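To start, the structure itself, in structure tokens.
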Amino acid sequence: MQIEVYFDVLCPWCYIGKRRLAAALQGQNDVNVVWRSFELDPDAGPIPDLTAAQVIATYQNDPARASARVAHIQALGAAEGLELNLHQARPVNSFDAHRLIHLAATRGLADAVLERLLHGYHTQGRNIADPDALQALGVEAGLDLADIAELFTGDAFTDEVRADERRATQRGIRGVPALVIDGAPPVSAVQEPAALASLLERATRF
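So in the UniProt record's numbering, the last spot in the sequence shown is 206, and the numbers never skip.
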């Protein structure tokens with residue numbers, strides 16, 4: 001079985017969904033998880049500005065509702081053992097982070113590098129558009145320093161990121177995390193682990 005997960009490091013729901021998917025996959029054999037790139041804001045720049053909480057507030061137009069929304073996301077994250085610091089994380093361009101994860105995939109480290117980037121951004125407030133920060137996080141996750149340095153001197157894995165994004169458009173994916181099981185229509189990956197496990201079980205019957 002192949003599971004494709006469309007994600008963006010900037011998305012707290014992707015961090016939550018990653019934890020829930022891992023729980024749903026416990027005891028599953030012969031499952032290949034492929035992480036697919038999806039930029040929530042491809043026009044964003046590399047310099048941090050508003051926090052994630054402030055960005056949410058700009059969409060809500062109601063301070064009380066915005067605060068409740070932030071608290072809700074943080075509570076769901078806490079239930080999965082995650083510390084989501086939306087008042088510290090600052091959205092930036094995530095393109096190079098996606099390239100780094102594609103590099104990691106060629107080394108069998110995509111999951112480990114994605115996990116480190118998610119923690120770095122959502123919990124520690126690291127700037128995942130900064131090559132130095134990406135280099136440090138990648139090395140911490142097991143990548144070779146020279147490989148990362150070479151990545152950021154050129155445009156390696158640009159085509160792979162763009163291919164993922166085209167594939168997402170073809171599949172009608174407009175938000176993340178989105179889950180594609182053996183090429184079936186995409187579904188939300190933020191479902192409870194039991195619901196995700198049920199989806200996987202049904203997929204194995206066909």
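C-beta atoms are modelled at their ideal positions from N, C-alpha and C, and glycine is treated no differently. Keep in mind that this is a model prediction, so the values were computed, not measured.
Top-ranked residue by Cα proximity to residue i, from the options
i    : options                : result
F7   : L200, D62, R174, E150  : R174
A79  : I16, Q60, I148, Q191   : I16
R36  : A97, R69, P131         : A97
T123 : I3, P46, E160, L82     : L82
L40  : P63, A64, C14, A23     : C14
M1   : K18, P46, G183, A104   : G183
A104 : D155, T158, A168, D147 : D147
A156 : L145, H102, R126       : H102
Beta bridge counterpart(s) of residue i as assigned by DSSP
i    : result
F7   : S37
L179 : V5, V187
N32  : Q2
Sub-8 Å separation of residue i and residue j beta-carbons
i    : j    : result
V9   : L117 : yes
V5   : V33  : yes
R20  : P186 : no
G120 : L137 : yes
V180 : R171 : yes
F38  : E165 : yes
P177 : C11  : yes
A57  : P63  : yes
A66  : Q74  : no
A24  : L151 : no
P46  : A129 : yes
As assigned by DSSP and simplified to three states, the class of residue i
i    : result
D198 : Residue 198 is actually Ser in this sequence, not Asp. Helix, per DSSP.
D155 : coil
I173 : coil
I56  : helix
Practice task
Mind the definition here: the stretch 45-62 touches the stretch 90-98 only if three or more C-beta pairs lie below 8 Å; say whether that holds.
Solution key: yes
Problem - Segment contact, 8 Å Cβ cut-off, at least three pairs: the stretch 132-146 with the stretch 79-88 - result: no
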